[in-house]
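Note that the sequence shown covers residues 541 to 1109 in my numbering. Even for Gly, the Cβ is constructed at its ideal location relative to N, Cα and C.
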Amino acid sequence: MRFSKLFAPTAKEAPKDALLPSHIFLIRGGFINQTGSGLYNFLPLGKRVLDKIKDVVKDEMDKAGAQEVSMGVVSPAELWRQSGRYNVYGKELLRFKDRKDNEFVLGPTHEEVVVDIVRNRINSYKQLPLHLYQITTKFRDEARPRFGLLRGREFVMKDGYSFHSSIEDLRLEFDLMEETYTKIFTRLGLKFRAVAADSGAIGGSGSKEFMVLTKNGEDDILVCDKCEYAANVEAAKRAKKTTQNEPPEAIFAKFHTPIGEDSSIEQLSEFFKIDTFYTIKAVIKKAVYKDKSEIVVFFIRGCDALQEIKAQNAAKALELLDVSKEDIKEAGLIAGFCGPIGLENIKFFIDNELKEEKNLICGANERDYHYVGVSMFNFKSDRYADLAAVEDGDLCPCCNGKLSLAKGIEVGHIFQLGQKYSSPMNAAFLDQNGKSQPFFMGCYGIGISRLVAVMIEANHDNKGCIWNKQTAPYMLDIIISNIKNETQTKFATKLYEDLKMEKKEIILDDRNERFGFKMNDFELIGFPYALIVGRELDEGKVELVSRVSGIKEFINTSELNERLKEVFE
Ligand code: ATP
Ligand code: MG
């Protein structure tokens, strides 16, 4: 490609709302342009990078035996009603009507559609397993589209769906996908971890997220410093917390604690001169369900914080809201003195780590009173759930190593869905005994357009992008230093034509611009190499510049072919 013909509208300034390097450089480098909130067009350079990422993903998916399809962007609301998700999926699902008043959605994900494709077409266990995938545009009406391609409303995703005759077979595919994703992100040259995750709106059990570790990640993850353990904060486990501090040993009794309404756990532990570890904290929330909402109390150790997603899952709620003083009063609770003992007519859950613990102090559900010497033996097991947030410095559940908090960007997510969609949608097969069973399903996503931005978050400097060989829009930028110099232009053009014949991915910067201007574009766009054809050509030399290392080397034109072979390898 000749730069003079290339449509790459580069810019000196980034838009005001662009805060992250990927957003700034994608716009400034002329890779993409924005048409609306969370809506982007891919310009020629951006499209090339997008396609390269697609190619790597497609190659590995095909090797793993999955078959590519392409499903419609619009899908009938009826399918979403069948799965029961139409009313559950929040405002991210864009619902609309056509001229005949039929309802539709813009596909944010395609479980329903793929189930509809497969049901009544696959009837026997003999036709299983089957894995269908696509690389297409999705739409999610995100509440806060931001960071350019990292969180768009329209974005490109690879989504795959597998169908199995047993859980065991589904697990095999899940493992194969973990392996496949590992190959994909390794080929892209990314530093990543597969982390245990919450399953979110897609649901099912058993899911892993692939997180690229970068400074500007939106996700908080905990990473073990000793073993491979890593998890999203929403799903992180830890070795049970302990303390060296003495427990407040006491016989069970009600104790006068006039520390005032709305008193904090710190005030309580100060009152008793004990470690907050031995206190029980009540976190009161309003849980929202499909057709009602109710007050739910979560009890955790005083030293811990409530992990909201864990709590939401425990309460099987759609959402948890903060409560007002009035809400608390109305529910008959006394702020600052709420405890699990004798708590009636209120839904409550207790953190797993409190199970069978002794010498605790908790609210007595009476103003100015707490119980001391509390033992946690009398609660039914379904009261207990994993509720506490794992924090930086907690110990690894696998090896007791130290967990530290890191930032990650989710680039992939794999789920074991089981029969969550096949069952309500009546998608079944006949098993070996001639019995009808809903399919066991898995689903597997990769954020293709998000990866374009992630590649930059992972590799850039203050001048611009630094693409690697796998994702560079072009490998080499041949820069004619002064296009008025006939020798330079002739040499560079001949080299360009020769390399083009060899199908090499190259740019010839033949623009009538200053050398410095061209170098700036080279650095901003981030081609892996530039070959400068300048004054030294008179001495039979050209200069090769590596974008990643910044190293410049003069090469004799007689040795150029050999050296370039290495560049393109
Ligand atoms: P997130 O937690 O980031 O909102 P998600 O869990 O909703 O993502 P999935 O449903 O698992 O996303 O979708 C699969 C992949 O699609 C994600 O791993 C991510 O890489 C990508 N993706 C999801 N939402 C967006 C978005 N708004 N913009 C760009 N890519 C996205
Ligand atoms: Mg996800």
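Report task. Tell me where the alpha helix (DSSP H) around residue 1065 begins and ends. Result -> The sequence position of residue 1065 within the sequence shown is 525, counting from 1. DSSP places residue 1065 in the uninterrupted alpha helix (DSSP H) bounded by 1055 to 1065.
Query raised in the report: Should residue 583 and residue 548 be called a contact, given that it needs their Cβ atoms to be closer than 8 Å?
Result: Numbered from its first residue, the sequence shown carries residue 583 at position 43. Numbered from its first residue, the sequence shown carries residue 548 at position 8. Yes, these two residues count as a Cβ contact at 8 Å.
Report task. Please go through the same chain and pick out, in chain order, the residues whose beta-carbon is closer than 8 Å to the beta-carbon of residue 889, but skip the five residues on each side of it. Result -> The residue given as residue 889 occupies position 349 in the sequence shown. Taking C-beta separations shorter than 8 Å and ignoring five residues to either side along the sequence, the partners of residue 889 in its chain run 836, 837, 838, 839, 851, 854, 855, 923, 924, 925 and 927, following chain order.
Report task. From the DSSP output, in three-state form, read off residue 586 for me. Result -> As a first step, residue 586 is located in the sequence shown; it is residue number 46 there, counting from the start. If DSSP states are grouped into helix, strand and coil, residue 586 belongs with the helices.
Report task. Alpha carbon to alpha carbon, how far is residue 728 from residue 1055? Give it in angstroms, no decimals. Result -> For the purposes of this step, residue 1055 is taken as the residue at position 515 of the sequence shown. For the purposes of this step, residue 728 is taken as the residue at position 188 of the sequence shown. The alpha-carbon of residue 1055 is positioned some 32 Å away from that of residue 728.
**Report entry** Three-state class that DSSP yields for residue 1041 in the structure shown
**Finding:** For the purposes of this step, residue 1041 is taken as the residue at position 501 of the sequence shown. Here DSSP, grouped into helix, strand and coil, assigns residue 1041 to helix.
**Report entry** Beta-carbon contacts of residue 631 that lie in its chain and below 8 Å, excluding the five residues immediately before and after
**Finding:** As a first step, residue 631 is located in the sequence shown; it is residue number 91 there, counting from the start. Exclusion of the five residues before and after residue 631 leaves 681 and 683 as the residues of its chain whose Cβ lies within less than 8 Å of its Cβ.
Query raised in the report: Of all the options 870, 917, 943 and 920, which has the alpha carbon lying nearest to the alpha carbon of residue 929?
Result: Start at 1 with the first residue of the sequence shown, and residue 929 comes out as number 389. Comparing Cα-Cα distances from residue 929 to each of 870, 917, 943 and 920, the minimum goes to 943.
Report task. Please work out which residues of its chain come closer than 6 Å, Cβ to Cβ, to residue 995, disregarding the five sequence neighbours upstream and downstream, and give them in chain order. Result -> Sequence index remark: in the sequence shown, residue 995 carries index 455 (1-based). Excluding its 5 nearest sequence neighbours in each direction, residue 995 has C-beta neighbours in its own chain below 6 Å: 1011, listed in chain order.
**Report entry** Own chain, CB closer than 8 Å to residue 575, minus 5 neighbours either side, in chain order
**Finding:** The residue given as residue 575 occupies position 35 in the sequence shown. 581, listed in sequence order.
Report task. Kindly provide the ranges of any beta strand (DSSP E) runs that are 3 or more residues long and lie completely inside the segment 924 to 1000, ordered along the chain. Result -> Within the segment 924 to 1000, the complete beta strand (DSSP E) runs of at least 3 residues are 943 to 958, 968 to 970, 976 to 978 and 980 to 987.
Query raised in the report: Taking the Cβ atom as the reference point for each residue, do residue 546 and residue 1047 lie within a distance shorter than 8 Å?
Result: Here residue 546 is taken as the residue at index 6 of the sequence shown, counted from 1. Here residue 1047 is taken as the residue at index 507 of the sequence shown, counted from 1. Cβ atoms of residue 546 and residue 1047: closer than 8 Å.
Query raised in the report: Span of the alpha helix (DSSP H) holding residue 574?
Result: For this step, residue 574 is matched to residue 34 along the sequence shown. According to the DSSP assignment, residue 574 belongs to no alpha helix (DSSP H) but to the beta strand (DSSP E) extending over 572 to 576.
Query raised in the report: What does a CB cutoff of less than 7 Å around residue 520 pick up in its chain, not counting 5 residues either side in sequence?
Result: Residue coverage of the chain in this structure runs from 541 to 1109, which leaves residue 520 outside it and unanswerable.
Requested in this report: Give the straight-line distance between the Cα atoms of residue 1049 and residue 542, rounded to the nearest whole angstrom.
Outcome: Along the sequence shown, read from residue 1 onward, the residue named residue 1049 stands at position 509. Along the sequence shown, read from residue 1 onward, the residue named residue 542 stands at position 2. Residue 1049 and residue 542 have their C-alpha atoms roughly 6 Å apart.
Query raised in the report: Helix, strand or coil for residue 760 per DSSP?
Result: Residue mapping note: residue 760 aligns to position 220 of the sequence shown, counting from 1. DSSP, read as helix, strand or coil, puts residue 760 in strand.
Query raised in the report: Going by other Cβ atoms of all chains shown within 10 Å of its Cβ, with 16 needed for buried, is residue 797 buried or exposed?
Result: As a working note, residue 797 is residue 257 in the sequence shown. A residue is called buried when at least 16 other Cβ atoms come within 10 angstroms of its Cβ; residue 797 meets this threshold and is buried.
Requested in this report: Express the C-alpha separation of residue 919 and residue 809 in angstroms, rounding to a whole number.
Outcome: The residue given as residue 809 occupies position 269 in the sequence shown. The residue given as residue 919 occupies position 379 in the sequence shown. Going by the C-alpha atoms only, they are around 24 Å apart.
Query raised in the report: If residue 775 and residue 736 are in contact, beta carbons under 8 Å, what's the gap, nearest whole angstrom?
Result: Your numbering for residue 775 matches position 235 in the sequence shown. Your numbering for residue 736 matches position 196 in the sequence shown. Their Cβ separation, rounded to whole angstroms, is 5 Å, which keeps residue 775 and residue 736 in contact under 8 Å.
Query raised in the report: When DSSP labels each residue in this structure, what does residue 680 get in the three-state scheme?
Result: Against the sequence shown, residue 680 aligns to sequence position 140. In this structure, residue 680 counts as coil in the three-state DSSP scheme.
Query raised in the report: To the nearest whole angstrom, what separates the beta carbons of residue 503 and residue 1091, a pair I think is in contact under 8 Å?
Result: Because the chain in this structure spans residues 541 to 1109, residue 503 falls outside the shown range and cannot be described.
**Report entry** Separation of residue 879 from residue 677, as counted between CA atoms
**Finding:** By 1-based counting over the sequence shown, the position of residue 677 is 137. By 1-based counting over the sequence shown, the position of residue 879 is 339. The alpha-carbon atoms of residue 677 and residue 879 are separated by roughly 50 Å.
Requested in this report: Mark residue 949 as exposed unless 16 or more other C-beta atoms lie within 10 angstroms of its C-beta, in which case mark it buried.
Outcome: Your numbering for residue 949 matches position 409 in the sequence shown. Residue 949 comes out buried.
Report task. Reducing DSSP to helix, strand and coil, say where residue 546 ends up. Result -> Start at 1 with the first residue of the sequence shown, and residue 546 comes out as number 6. Reduced to three states, the DSSP call for residue 546 is coil.
Query raised in the report: Of the choices 564, 699 and 1107, whose alpha-carbon is the least far from that of residue 649?
Result: Taking the first residue of the sequence shown as position 1, residue 649 is located at position 109. When only C-alpha atoms are compared, the closest one is 699.
Requested in this report: Please report the Cβ distance between residue 713 and residue 702, rounded to the nearest whole angstrom; I am assuming they are in contact, meaning their Cβ atoms lie under 8 Å.
Outcome: Against the sequence shown, residue 713 aligns to sequence position 173. Against the sequence shown, residue 702 aligns to sequence position 162. So it is a contact: roughly 5 Å between Cβ atoms.
**Report entry** Distance CB(residue 647)-CB(residue 679) smaller than 8 Å
**Finding:** Mapped onto the sequence shown, residue 647 falls at position 107. Mapped onto the sequence shown, residue 679 falls at position 139. It is a contact, given that the beta carbons lie within the stated cut-off.
Requested in this report: Drop a sphere of 10 angstroms on the beta-carbon of residue 842, count the other beta-carbons inside from all chains shown, and report buried for 16 or more, exposed for fewer.
Outcome: Taking the first residue of the sequence shown as position 1, residue 842 is located at position 302. The C-beta of residue 842 has 16 or more other C-beta atoms within 10 Å across all chains shown, which makes the residue buried.
Requested in this report: Could you confirm whether any beta carbon from chain D is found closer than 8 Å to the beta carbon of residue 638?
Outcome: Chain labels in this structure do not include chain D; a single protein chain is all it has.
Report task. Mind checking which residues open and close the alpha helix (DSSP H) that includes residue 1103? Result -> As a working mapping, residue 1103 is identified with position 563 in the sequence shown. Here the alpha helix (DSSP H) through residue 1103 covers 1100 to 1108.
Requested in this report: Report whether the distance from the Cβ of residue 649 to the nearest heavy atom of the ligand ATP is below 7 Å.
Outcome: For the purposes of this step, residue 649 is taken as the residue at position 109 of the sequence shown. Indeed, a heavy atom of the ligand ATP lies less than 7 Å from the Cβ.
Query raised in the report: Roughly how many angstroms lie between the CA atoms of residue 979 and residue 664, to the nearest whole one?
Result: For the purposes of this step, residue 979 is taken as the residue at position 439 of the sequence shown. For the purposes of this step, residue 664 is taken as the residue at position 124 of the sequence shown. Taking C-alpha positions only, residue 979 is separated from residue 664 by approximately 10 Å.
Requested in this report: Pick helix, strand or coil for residue 667, following the three-state DSSP scheme.
Outcome: The sequence position of residue 667 within the sequence shown is 127, counting from 1. If DSSP states are grouped into helix, strand and coil, residue 667 belongs with the helices.
Requested in this report: Leaving aside the five residues before and after residue 999 along the sequence, list all residues of the same chain whose C-beta is less than 6 Å from its C-beta, in chain order.
Outcome: To locate residue 999, count along the sequence shown from 1; it is residue 459. Cβ-Cβ distances below 6 Å link residue 999 to 1006 in the same chain, with the five nearest sequence neighbours on each side left out; the list follows chain order.
**Report entry** Enclosing alpha helix (DSSP H) for residue 854 [first to last residue]
**Finding:** The count along the sequence shown starts at 1 and reaches residue 854 at position 314. Secondary structure note for residue 854: its alpha helix (DSSP H) is the uninterrupted segment 848 to 854.
Query raised in the report: Which class does residue 602 belong to by DSSP, given the choice of helix, strand or coil?
Result: Here residue 602 refers to the residue found at position 62 of the sequence shown. If DSSP states are grouped into helix, strand and coil, residue 602 belongs with the helices.
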